[in-house]
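For the sequence shown, position 14 (counting from the first letter as 1) is numbered 14 according to our numbering, and the numbering increases by one without interruption.
Some notes on the structure that comes next.
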Amino acid sequence: MKRIFVIAALCCMAAAVCCGCGSAGPRLVQSADTAMGTVIQQNIYTTAADSKAAEEIRVLLQRLEEQELSRRLDTSEVWAVNASAGEEEGFLLSEELSETLEACLELWRESEGAFDVTIGALVSLWDIDGWAAGEREGAFDLPEEEALQKALESCGSGKLELDGTTLHMPEGMQLDLGAVGKGIALDRILSRLEENDTITGAVISVGGSVLTYGEKPDGSSWRVGITNPADTSANIGILSLEGQWCISTSGDYERYAELDGVRYHHIIDPDTGYPADSGVSGVTILSKSGFLSDALSTACFILGPEKGMSLAAEYGAEALFVTKDGSVVMSEGMEKYYQAAE
Ligand code: AMP
Ligand code: MG
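Right under this line is the structure:
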């Protein structure tokens with residue numbers, strides 16, 4: 001499970017207590033739920049008397065999964081797109097999915113194919129969703145080489161045809177938006193927060209992606225922890241941030257299965273069909289955009305520090321890599337927000 005610990009929560013408790021003492025300032029509403037197959041933690045400062053905002057956001061995320069992004073639910077658009085693979089007439093995409101796909105294709109080009117949302121057949125072959133749900137008990141078998149080659153042949157954004165908003169996918173190809181879903185969720189949450197003038201500040205995490213918004217009543221910074229891949233119960237460092245940001249982390253500790261002491265994780269190198277091995281255990285991206293923070297964290301994990309750093313820079317994002325030997329390498333812009341854990 002993705003674990004970015006939002007330190008803000010503890011500090012916020014004080015504000016909630018204050019509110020009970022009759023202060024006129026915003027009060028804190030906290031909630032923890034599951035949606036999109038992950039844990040959603042919300043800390044919202046609001047001047048409203050009710051706590052509706054957190055519930056509305058939970059419903060928003062549930063709908064995003066059920067109606068748009070899920071690969072497993074037959075109610076979603078992505079499911080319908082995948083069912084259309086090989087059909088001559090193609091699939092007429094919604095405006096939202098068409099824009100998302102365009103942005104994913106740009107990232108595929110810019111990452112020289114490392115980031116590829118047509119990777120669904122490989123994700124299914126490795127049964128990555130099974131690892132996530134904790135369904136994988138006992139022995140884990142590596143995919144057969146022949147099956148791996150066949151799945152690899154079904155992948156490749158270069159084989160997609162996007163004609164306006166009509167998408168043609170070859171037979172066997174499957175879209176998987178797992179690398180960007182939580183980032184898209186943050187962008188949708190941000191729009192919702194901006195529409196609500198009773199909300200003065202919030203920090204909301206959707207799995208390994210965190211949104212900070214507005215300010216805390218005491219004026220202090222948002223503090224977002226970065227998990228230590230070598231000890232996922234601890235942070236390797238903390239980012240101190242003001243106002244609105246999106247922070248996403250991709251790590252080899254989030255979903256994996258082990259065989260003979262080797263860890264097979266959920267971020268696949270489209271060149272080999274195997275879990276990416278670029279020498280890093282975790283990558284954190286800081287961006288104003290949820291989509292970009294999430295997409296880039298996955299892409300940079302596959303590319304490794306050198307190429308990943310320049311890809312992030314191209315998109316105006318800051319990047320932090322935790323290498324397999326535990327070193328932390330970051331972009332210059334990230335340094336002003338980062339503090340190593342004691
Ligand atoms: P994240 O945790 O955001 O890095 O996303 C990882 C998820 O993205 C995996 O569980 C897969 O669903 C999907 N994925 C795996 N490899 C890739 C890849 N090379 N390009 C795009 N998506 C991928
Ligand atoms: Mg991602």
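Even glycine gets a Cβ: it sits at the ideal position worked out from N, Cα and C.
Predicted model, so just to flag it, every value in this text is computed and none were measured.
Nearest to residue i (by Cα), restricted to the options the options
| i | options | result |
| --- | --- | --- |
| E322 | L148, S278, T46, D269 | Residue identity check: residue 322 is Val in the sequence provided, not Glu. Closest option to V322, Cα to Cα, is S278. |
| L211 | T227, D325, K182 | K182 |
| W79 | E66, L292, C300 | E66 |
| G120 | A179, E258, A103 | A179 |
| D129 | S250, L160, R255 | R255 |
| F91 | P275, L105, T166 | T166 |
| E144 | S289, G304, T284, G273 | G273 |
| G290 | I267, G304, A317 | A317 |
| S31 | A202, G113, S98, D116 | A202 |
| H168 | Y253, E106, S98, K288 | S98 |
| A341 | K307, G308, R223, P305 | R223 |
| S327 | I204, N228, D187, D271 | N228 |
| Q62 | V81, W131, L186, T100 | L186 |
| P305 | A35, V329, W245 | V329 |
| D127 | R72, L93, E68, I226 | R72 |
| T284 | W108, G219, I238 | I238 |
| G37 | A312, T232, W131 | W131 |
| S221 | L320, Q339, A276, S70 | Q339 |
| E332 | G86, D33, A312 | A312 |
| P26 | V81, S240, I226, K216 | K216 |
| N196 | I236, I57, Q41 | I57 |
| G261 | D33, A35, F140, R109 | F140 |
beta-carbon residue i near the ligand MG non-hydrogen atom, thresh 6 Å
| i | result |
| --- | --- |
| D129 | no |
| T118 | no |
| S157 | no |
| D294 | yes |
| A179 | yes |
| T298 | yes |
| S250 | yes |
Anticipated Cβ contact below 8 Å, residue i with residue j, distance rounded
| i | j | result |
| --- | --- | --- |
| A49 | V29 | Incorrect: roughly 11 Å between the Cβ atoms, too far for contact. |
| G207 | V39 | 7 Å |
| A151 | L122 | 5 Å |
| L125 | L259 | With a Cβ gap of about 15 Å, L125 and L259 do not count as contacting. |
| L64 | R192 | Not a contact, Cβ separation roughly 11 Å. |
| I189 | I204 | 6 Å |
| T298 | I267 | 6 Å |
| L303 | A114 | 5 Å |
| T118 | S157 | 5 Å |
| P270 | C104 | Not quite, the Cβ-Cβ distance comes to about 13 Å (not below 8 Å), so this is no contact. |
| E96 | E68 | 7 Å |
| F301 | A319 | Contact flag wrong, Cβ pair sits at about 10 Å. |
| E153 | G86 | With a Cβ gap of about 14 Å, E153 and G86 do not count as contacting. |
Residue i: CB within 6 Å of a non-hydrogen atom of the ligand AMP
| i | result |
| --- | --- |
| H168 | no |
| S94 | no |
| P270 | yes |
| H266 | yes |
| G115 | Note that residue 115 corresponds to Phe in the displayed sequence, not to Gly. Checking the Cβ of F115 against the ligand AMP gives yes. |
| D74 | no |
| D176 | yes |
| V283 | no |
| V206 | no |
| V203 | no |
| V123 | yes |
Contact test: residue i Cβ vs the ligand SAM heavy atom, cutoff 6 Å
| i | result |
| --- | --- |
| V329 | The model depicted lacks the ligand SAM and carries the ligand AMP and the ligand MG instead. |
is_contact[residue i, chain C] using C-beta, thresh 7 Å
| i | result |
| --- | --- |
| H168 | Within the model displayed, chain C is absent; a lone protein chain is all it includes. |
Give the list of continuous beta strand (DSSP E) stretches no shorter than 3 residues that lie fully inside the segment 121-169. Annotation note: the segment 121-169 contains the following uninterrupted beta strand (DSSP E) runs of length 3 or greater, listed N- to C-terminal: 161-163, 166-168.
Quick one: complete beta strand (DSSP E) runs, 3+ long, within the segment 26-58? Fully enclosed beta strand (DSSP E) runs of 3 or longer: 27-35, 38-46.
Along the chain, which unbroken stretches of the alpha helix (DSSP H) at least 4 residues long are found entirely within the segment 58-104? Within the segment 58-104, the runs of alpha helix (DSSP H) at least 4 residues long that lie entirely inside it are, in chain order, 77-83.
Only counting runs of 3 or more residues, tell me where the beta strand (DSSP E) segments fall wholly within the segment 243-288, in order along the chain. For the beta strand (DSSP E) assignment, the uninterrupted runs of no fewer than 3 residues enclosed by the segment 243-288 are, from N- to C-terminal side, 245-251, 256-259, 262-265, 280-287.
Every unbroken alpha helix (DSSP H) inside the segment 299-341 [4 residues or more]: Qualifying alpha helix (DSSP H) stretches, in chain order: 332-335.
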